[in-house]
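**Student:** Residue numbering for the sequence shown follows the working numbering, beginning at 5 and increasing consecutively.
All C-beta atoms in this analysis are idealised placements derived from N, C-alpha and C, irrespective of residue type, glycine included.
Given the structure is predicted, the values throughout are model-derived calculations rather than measurements.
Sharing a structure below in structure tokens format, with a few things to ask.
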Amino acid sequence: MKSSIKIKTLSRMACYLVVLFSFSAGVSAQMSTFNDGPVIKGFGKTAPVLTHTVAENDAFKIAFDVASAGNAGEINRKFDSLARFINMHVAAYVKKENIQLALVVHGKATFDLLNNVAYQNKYETTNANAPLLSALLQNNVRVILCGQSAAAHAINTSELVDGVEVQLSAMTAHALLQQNGYTVNPF
5 MKSSIKIKTL
15 SRMACYLVVL
25 FSFSAGVSAQ
35 MSTFNDGPVI
45 KGFGKTAPVL
55 THTVAENDAF
65 KIAFDVASAG
75 NAGEINRKFD
85 SLARFINMHV
95 AAYVKKENIQ
105 LALVVHGKAT
115 FDLLNNVAYQ
125 NKYETTNANA
135 PLLSALLQNN
145 VRVILCGQSA
155 AAHAINTSEL
165 VDGVEVQLSA
175 MTAHALLQQN
185 GYTVNPF
């Protein structure tokens with residue numbers, strides 16, 4: 005009796021493992037269709053969508069709001085979304101000059117804007133976001149830090165990645181961006 009229970013248990017475990025590995029292989033196969041984009045290499049991987057309806061002359065002015073920090077030493081996936089946006093739209097033949105993005109950062113995400121020296125002092129590892137932020141800035145993305153969050157976390161502007169702007173608050177940044185025609189990305 006005990007051996008038949010063990011066999012049933014082992015059979016179930018084998019089935020679970022088959023399902024788990026099948027799912028994992030399926031996800032890997034799906035993710036293999038995601039590639040570097042034509043603009044920001046190494047970040048913002050996208051997959052082609054052949055049935056899209058984005059036109060070459062479409063124009064975008066979008067603010068991305070990020071308050072959550074990434075894991076220490078890892079890229080903040082919300083920051084990577086801006087690279088994805090640029091890469092996928094240029095790959096879909098939208099003119100790069102028609103894409104204007106702003107990254108408004110506040111809360112705990114403030115620490116992801118630290119330069120490598122300040123980041124290493126805090127987390128004892130390099131800031132994986134620094135190269136991504138540099139690439140975004142080189143592609144005319146505005147990176148705006150909430151001054152209230154900087155003050156709350158005792159962050160000095162000299163501790164930030166070069167090119168990061170500081171605004172009075174994230175609320176102020178969003179209000180000014182909206183007055184200049186930016187929409188807010190809901191993701």
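Residue ranges of each alpha helix (DSSP H) run of no fewer than 4 residues wholly in the region 97–129, ordered along the chain?
**Tutor:** 120–127
**Student:** Which partner residues does T187 have in the DSSP bridge list?
**Tutor:** I66
**Student:** I'd like to know whether the C-beta atoms of H1 and A95 end up nearer to each other than 7 Å.
**Tutor:** The requested residue 1 does not occur in the structure, where the chain is confined to residues 5 to 191.
**Student:** Kindly indicate which residue of I66, M92 and R81 has the alpha-carbon position closest to the one of N39.
**Tutor:** M92
**Student:** Could you have a look at V94 and say whether DSSP puts it in helix, strand or coil?
**Tutor:** helix
**Student:** Among the candidates I44, V43 and T50, whose CA atom is the shortest distance from the CA of S36?
**Tutor:** S36 has its Cα closest to that of T50, out of I44, V43 and T50.
**Student:** Return the residue from the list D62, L137 and Y127 that minimises the CA-CA distance to V168.
**Tutor:** L137
**Student:** Can you tell me which of Y127, V109 and P52 puts its alpha carbon nearest to the alpha carbon of Q152?
**Tutor:** V109
**Student:** Quick one, are the C-beta atoms of L54 and F68 less than 7 Å apart?
**Tutor:** no
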